[in-house]
Structures are given as C-alpha cells and as structure tokens.
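In terms of our numbering, the sequence shown opens at residue 32 and continues consecutively.
Below is one structure, written out as structure tokens; the observations come after it.
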Amino acid sequence: MNRVVETAEALFFLVKVNLLWIAGTLLGLAAAGAGPAAAAAHCLVRSRLEGEERLSSDWRFFWQSYRRFFLKGALSSLLFTAAGILLYMNGWILFRWDHAAAPVLLGLLLFLTVLYVCLLLYTMPIFALYGRSLRESMITALMYGFYVPAQTFSLLAAVVVLFAAGQWTGAVHLFFTAGALIWLTNLILLHRAPPTGLLKLLKK
C-alpha cells in the first residue's frame with residue numbers, strides 16, 4: 032500500500048513539474064521562457080530527489096528559482112531556439128541538394144546535431160544546479176554528454192517514446208513530457224558521477 036501511495040505521489044509531482052514548466056514557458060512568451068522554466072524545474076526536482084526540507088511550497092520554490100534564473104535562462108533558450116532553426120534549415124536544404132559534397136555536409140550536420148542535443152539535455156541542469164556561468168555550463172554539458180553516452184542515448188530514447196505517445200494523445204505532453212525528462216536527467220547527474228576534470232570544472 033505504501034508503494035502505491037509513493038508511486039501516486041511521484042506521478043503527481045511529475046505532473047506538477049510539467050505544468051509549472053509549461054506555465055513558466057508561456058509566461059516568458061515560449062522561446063524566452065523555456066530556459067528559466069527548465070532551470071527552475073531542475074532545481075525543484077533535485078530538491079525532491081535529495082530530500083531537501085524547505086519551508087516554501089513547491090510552487091513558491093519554483094517561481095523564486097524562475098525569477099532568479101530568468102535573464103540567463105531566457106538568453107540560453109533563445110540561443111537554443113536560433114541554433115535549432117539553423118540546423119533544421121540546413122538539413123532541409125542539404126537533403127534536397129544534388130551535389131557530390133552533400134553526403135559530407137550531411138555527416139557534418141549530423142555531428143553538429145549530436146553536439147546540439149548534448150547541449151540541450153545538460154546545459155540547463157548544470158547551469159542551475161552547479162552555479163556555473165552559461166558558457167561554462169555549455170562546455171561541461173558537451174563533455175558530460177560524451178562521458179555518459181549510454182545515458183544520453185537513453186534520454187533520447189525517452190524523448191522518442193514520449194513524443195510517439197504524444198501523437199496518440201496530447202495529454203502526455205500536457206502532463207508528463209517535460210517533467211519526466213527533467214526527472215531522468217537529474218537521476219543521471221546524481222547517480223553517474225562526472226570524471227575528475229568535470230568535477231573540477233563544476234565545483235571550481
């Protein structure tokens with residue numbers, strides 16, 4: 032019975048995180064709001080996973096973190112949005128370009144996409160949880176993504192599964208997608224220690 036209650040509480044928490052992330056994203060007009068909302072959500076999830084005792088409620092804690100990370104978080108999400116658009120546009124052009132150099136450029140584009148995914152997955156949690164600058168967080172995110180390739184691939188698989196489920200019902204995105212991915216990312220960062228070089232960078 033206790034396990035049922037714990038599972039229900041965990042699911043409710045994921046729904047709460049997801050709804051808070053959506054609200055924060057919309058408050059920042061989508062592109063600018065996604066970054067600070069993600070940073071605040073990572074802080075909230077890490078607090079829960081570490082069993083931190085707080086006087087403030089989850090809602091208050093989220094919005095305090097959202098305000099604290101807003102400027103740099105908004106900058107990061109705008110950068111990621113612009114980079115994603117550029118990658119998409121280049122991919123669209125290269126797939127239609129009938130030239131001998133096209134396969135080479137597509138390979139380069141694939142490599143850049145892998146780097147982009149690593150940045151997208153790990154920059155915000157490292158920025159929010161380890162107190163590093165945005166630039167340092169991006170460098171660390173790239174290194175960490177290649178340090179834990181199996182975990183990074185698992186996160187990508189989770190993205191595919193969640194978005195496939197979202198094709199069946201939009202309720203998945205409304206209640207679970209962001210919360211589940213943020214939870215999984217924090218589990219990886221908690222239980223898969225970075226190498227010594229990364230630890231020095233993170234805790235410098």
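No residue lacks a Cβ here, since even glycine has one placed at the ideal position from N, Cα and C.
CB-CB under 7 Å to Gly122, same chain, minus the five flanking residues each way: which ones, in chain order?
Here residue 122 refers to the residue found at position 91 when the sequence shown is read from its first residue. Excluding positions up to five away in sequence, the list reads Leu140.
With H, G and I counted as helix, E and B as strand and the rest as coil, what does DSSP make of Val179?
As a position in the sequence shown, residue 179 is number 148, starting the count at 1. Coil at Val179, not helix or strand.
Return helix, strand or coil for His130, following the three-state DSSP convention.
Counting from one through the sequence shown, the residue named residue 130 turns up at place 99. Three-state result, His130: coil.
Contacting residues, own chain, Cβ-Cβ under 7 Å from Gly55 (five flanking each side not counted):
Here residue 55 refers to the residue found at position 24 when the sequence shown is read from its first residue. Once the five neighbours on either side are set aside, the close Cβ partners of Gly55 are Gly64, Pro67, Ala68, Ala71 and Tyr97.
Specify whether the stretch 148-161 and the stretch 175-182 touch according to this definition: at least 3 beta carbon pairs, one from each stretch, less than 8 Å apart.
yes
Which runs of the alpha helix (DSSP H), 4 residues or longer, sit entirely within the stretch 162-221?
165-178, 180-199 and 202-206
So Asn49 and Ala209 are in contact, right, with Cβ under 8 Å, and what is the actual spacing, rounded?
Within the sequence shown, numbered from 1, the residue matching residue 49 stands at position 18. Within the sequence shown, numbered from 1, the residue matching residue 209 stands at position 178. About 5 Å separates the two Cβ atoms, so the contact holds.
Of the residues Val145, Met169 and Trp199, the one placed nearest Leu187, counting alpha carbons only:
As a working mapping, residue 187 is identified with position 156 in the sequence shown. When only C-alpha atoms are compared, the closest one is Val145.
In the DSSP assignment, the alpha helix (DSSP H) including Leu45 goes from what residue to what residue?
Start at 1 with the first residue of the sequence shown, and residue 45 comes out as number 14. Its alpha helix (DSSP H) spans residues Asn33 to Leu58.
Grab the span of the alpha helix (DSSP H) containing Leu243 for me, first residue to last.
Because residue 243 is not part of the residues shown, which for the chain are 32 to 235, the question remains open.
Once DSSP output is grouped into helix, strand and coil, what is the label at Arg77?
Along the sequence shown, one-based indexing puts residue 77 at 46. Note: Arg77 maps to helix in three-state DSSP.
Distance check for Trp128 and Leu58, CA to CA, integer angstroms please.
Residue mapping note: residue 58 aligns to position 27 of the sequence shown, counting from 1. Residue mapping note: residue 128 aligns to position 97 of the sequence shown, counting from 1. Answer to the nearest angstrom: the Cα atoms are 40 Å apart.
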